[in-house]
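Have a look at the structure below, then the notes.
Numbering (our numbering), first residue to last: 15 to 246.
Pasting the structure below:
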């Protein structure tokens, strides 16, 4: 079942190590098959070195295990909430990457300070509120997804493909699991750049609006012209 997606999700999880985004088992990648409504996700606590496609857990959007012998990631309910709310995404990543987690622990959004971030995010990366005691005790991981969705009220998750959860760490997404990993790496790098900027000049201002929009529109939307254009 979903053999190609299991291979892709396994490889995407291994990319987290390759790109220096995780230590030990501190992260997970999932992918969804929209036609069946099934999600493939990393099993909980399994070393990336030992990970194989057949180890992947297959679940439905209600979290029921459909295939696999290993328990899915404990973050699975968060992934599922994102898939249900953001119908255009095909992959989700969660890490505790150092600089992005630092901004999350400070409870501060990641401001759009430079063109690198503007190439991939149309605005600041939001930081969620903290969960309440009740939200934490009742369904912590599911409610983590719900506060992410709350943070995106009035925002387009396609143009800002990531978030940081207060005191926790980042989640990113994309059209598939590989793009979600790509955005996780971009988010970590711009988090580092913005930290350095804040050290050099705590009063540094965000990138001017016209430059932000120029850089984002070069890569996204009907007027994009970055890269090689297809022959008409």
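We treat Cβ as the ideally placed atom computed from N, Cα and C, and that holds for glycine. Keep in mind that this is a model prediction, so the values were computed, not measured.
Proximity below 8 Å, CB of residue i to CB of residue j
| i | j | result |
| --- | --- | --- |
| residue 129 | residue 225 | yes |
| residue 113 | residue 202 | yes |
| residue 115 | residue 183 | yes |
| residue 173 | residue 117 | no |
| residue 105 | residue 44 | yes |
| residue 185 | residue 163 | no |
Of the residues the options, the one placed nearest residue i, counting alpha carbons only
| i | options | result |
| --- | --- | --- |
| residue 76 | 63, 218, 97 | 97 |
| residue 234 | 82, 184, 61, 135 | 135 |
| residue 58 | 124, 207, 82 | 82 |
| residue 37 | 163, 214, 108 | 108 |
| residue 155 | 188, 164, 34, 95 | 95 |
| residue 54 | 40, 29, 35, 80 | 80 |
| residue 221 | 17, 195, 133 | 133 |
CA-to-CA distance, residue j to residue i, given in whole angstroms
| i | j | result |
| --- | --- | --- |
| residue 150 | residue 142 | 14 Å |
| residue 175 | residue 227 | 16 Å |
| residue 214 | residue 56 | 39 Å |
| residue 102 | residue 93 | 14 Å |
| residue 32 | residue 111 | 13 Å |
| residue 216 | residue 208 | 10 Å |
| residue 47 | residue 85 | 19 Å |
| residue 219 | residue 232 | 22 Å |
| residue 100 | residue 210 | 32 Å |
Residue i: CB within 7 Å of a non-hydrogen atom of the ligand NAP
| i | result |
| --- | --- |
| residue 187 | The ligand content of the structure shown is nil, which means the ligand NAP is not present either. |
Residue environment, residue i, which counts as buried when at least 16 other CB atoms sit within 10 Å
| i | result |
| --- | --- |
| residue 239 | exposed |
| residue 127 | buried |
| residue 229 | buried |
| residue 29 | buried |
| residue 236 | exposed |
Fill in: At least 3 beta-carbon pairs within less than 8 Å: the segment 60 to 67 vs the segment 25 to 44
yes
Discussion item. Does the segment 169 to 180 come into contact with the segment 78 to 89, if we say contact requires no fewer than three beta-carbon pairs (one atom in each stretch) closer than 8 Å?
Written reply: no
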